[in-house]
Every structure is written in C-alpha cells, then in structure tokens.
Amino acid sequence: MKKEIYMKKLWDNYQKTKDVKFLIEACLKAPFFGNPQMGKEIARILKENEIAGHNE
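With this note's numbering as the guide, the letters of the sequence shown map in order to residues 0 to 55.
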C-alpha cells in the first residue's frame, strides 16, 4: 500500500508541475510486473529527452 501512495504522490506532483523528474522516479520504483529493466529503460529515455529538451 505504501508504494501505491508513493506512486500517486509522484503522479500528482507530475500533473501539477509537468516536471518529468517525477515520471522518471516512478519508472525507477515501479516493478513493471517482474520486469524492472523496463522501468529503468523508460526512465533513461525520459531523462535523455528531458536533457535534450533543455539544450534546444
């Protein structure tokens, strides 16, 4: 239950701020149904896109 509350908080924070760091954190913490590498890959792509967006 703690993880559900934490994920809701991350989602709420993202929706308020549109700061991708909250989605990245959620991807790193989510188990992705036994495929944690999926979350790590999504987080990596989000982070790369966020950095690229700041450099434009």
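Each residue gets a CB set at the ideal place from its N, CA and C atoms; glycine is no exception.
It should be emphasised that the depicted structure is a prediction, and the values quoted were computed from it without experimental measurement.
- In the three-state reduction of the DSSP assignment, D18 falls in the coil class, being assigned neither a helical nor a strand state.
- Counting every other CB atom within 10 Å of its CB across the protein chains shown gives A51 a total below 16, marking it as exposed.
- Annotated three-state conformation of A29 is coil, per DSSP.
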